[in-house]
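Residue numbers (the working numbering): 18 to 260.
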């Protein structure tokens, strides 16, 4: 943990519970039409580390308003149970049907205050370092441990001014975009290499690798077609040992 005297000018140390509300209630719940469609996000629809959420399931509000975790646009959802937390199932939820969603009861929800960018919080939570600390503070039986709400509320983070948070997020996203582009280029290069390797082998066994004058479909001088069985034994037996 960074000490206060090591922080850049303008930065402060705050508990997460001071700059975000954990597991907040639904705003104006009493006015919600129970027949409206809302987004439903089970754990399986949240990608690991990337923050990608598949918005593919809708449910009636009346079906999910009990027994599931509620959230609204802009909230950060955080898997609290092993192994989902360790694997980084954390995301910002947006574009929810009617601005409202429900998900697994194994999510904690952060609703950031005005002083904290939800994107800044997301990138902080998804760090391996933070997830390792959260793992070390899990409670419960082996195989079904959870990160307690109290651990998250009391966790101290270094907090820059909001404008600085936004600049940091912009830089992170710029660098991640460059990484994604690099990965895409590597995948393209790998695919091209695979094609090239096969082309080299094709040319080699057509005689064209060492003789560029050979035309497609023709054999070089001195070559002939043979059956593999004529020049090699298939699945041969072990020769008898000398006695």
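Glycine residues also receive a C-beta, built at the ideal position from the N, C-alpha and C atoms.
Model, not experiment: these values are computed from the prediction.
Could you spell out the range, first to last residue, of the alpha helix (DSSP H) harbouring residue i?
i	result
residue 148	145-153
residue 214	179-223
residue 136	135-142
residue 36	33-36
Residue range of the beta strand (DSSP E) that residue i falls in?
i	result
residue 56	54-58
residue 246	Here residue 246 belongs to no beta strand (DSSP E); instead the alpha helix (DSSP H) covers 245-248.
residue 169	Note, residue 169: premise wrong, no beta strand (DSSP E); alpha helix (DSSP H) at 166-171.
residue 79	Counting along the chain, residue 79 falls outside any beta strand (DSSP E), though it belongs to the alpha helix (DSSP H) covering 78-81.
residue 96	93-96
Checking 8 Å against the spacing of the C-beta atoms, do residue i and residue j come in under that value?
i	j	result
residue 52	residue 79	yes
residue 89	residue 113	yes
residue 70	residue 108	yes
residue 153	residue 56	no
residue 59	residue 121	yes
residue 130	residue 39	no
residue 37	residue 127	yes
residue 231	residue 223	yes
residue 115	residue 91	no
From residue i to residue j, what distance separates their C-alpha atoms?
i	j	result
residue 105	residue 149	10 Å
residue 98	residue 86	14 Å
residue 206	residue 200	10 Å
residue 182	residue 174	13 Å
residue 81	residue 54	10 Å
residue 102	residue 211	37 Å
residue 261	residue 162	The structure shown has nothing for residue 261, since the chain only spans 18 to 260.
residue 75	residue 155	32 Å
residue 151	residue 191	28 Å
residue 251	residue 245	9 Å
residue 24	residue 198	33 Å
Who are the near neighbours of residue i in its chain, counting only those whose CB is closer than 7 Å to its CB and skipping five residues on each side?
i	result
residue 66	105 and 143
residue 178	27
residue 32	170, 171, 172 and 173
Using C-beta distances below 6 Å, list every residue in its chain close to residue i, excluding the 5 sequence neighbours before and after it, in chain order.
i	result
residue 147	none
residue 93	109, 127, 135, 138 and 139
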